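Notes for the one structure printed next.
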């Protein structure tokens, strides 16, 4: 039995990601913090330690994303799958059963504004809906990437500041 840990890890990271939506302005003058582990590494270490406490022979890297790829968590051979899943759920703070995060107020309007910006940037058939956007393929990927980055910076770059309200 294979368990895709992307959902568990994503839910573990939601509080960290939401802090990026806070109203505090970004301060480029502060040096980056390099001594502390990344949120995914810290979460992976916590989940790994908890699983070991429950008697599982695991390595923290099993619960971390690596190089942008998703983490795969397999039930080890000879381990009761139901126990493994229950322990993983408990160690991940019940993240699998956690309710979805509340949407950011005004997010839909911002995504529509970004889509309109991309259409104005030379891609008139770019759709509004997220599902349609995932399926949509640009005729010129490089040009689209440039336009999308500019529009994202313009529309979402101000989120969390007075300009984004």
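Residue numbers (this note's numbering): 670 to 834.
Glycine included, every Cβ here is placed at the ideal spot set by N, Cα and C.
Keep in mind that this is a model prediction, so the values were computed, not measured.
Supposed contact pair residue j and residue i - C-beta distance, whole angstroms, cut 8 angstroms
i           : j           : result
residue 792 : residue 807 : 6 angstroms
residue 732 : residue 759 : At roughly 13 angstroms, the Cβ-Cβ gap does not stay under 8 angstroms, so residue 732 and residue 759 are not in contact.
Residue i in three-state terms, based on DSSP
i           : result
residue 808 : coil
residue 761 : coil
residue 826 : coil
residue 737 : Confidence is the limiting factor: at residue 737 the pLDDT is only 40, short of 50, which leaves the residue's position unreliable and the question unanswerable from this model.
Cβ shell of residue i (< 6 angstroms), same chain only, five flanking positions each side left out
i           : result
residue 704 : In this prediction, residue 704 scores a pLDDT of 43, lower than 50, which makes its location untrustworthy; no coordinate-derived value is stated.
residue 788 : 795
residue 802 : 796
residue 729 : 713, 714 and 717
Other residues of its chain near residue i: CB distance less than 8 angstroms, five sequence neighbours each side excluded
i           : result
residue 805 : 794, 795 and 796
residue 706 : No answer about residue 706 holds up, because its pLDDT of 45 lies below 50 and its placement is not dependable.
When the options are compared against residue i, the one with the closest alpha-carbon
i           : options               : result
residue 813 : 824, 786 and 801      : 786
residue 798 : 810, 779, 815 and 816 : 779
residue 757 : 819, 818 and 723      : 723
residue 748 : 725, 729 and 730      : 725
Close Cβ partners of residue i (< 7 angstroms) along its chain, the five nearest in sequence each way excluded
i           : result
residue 719 : 760
residue 824 : 779, 782, 783 and 786
residue 716 : 732, 760 and 761
residue 816 : 787, 790, 791 and 792
residue 727 : 717, 720 and 721
residue 820 : 783, 786, 787 and 790
residue 777 : none
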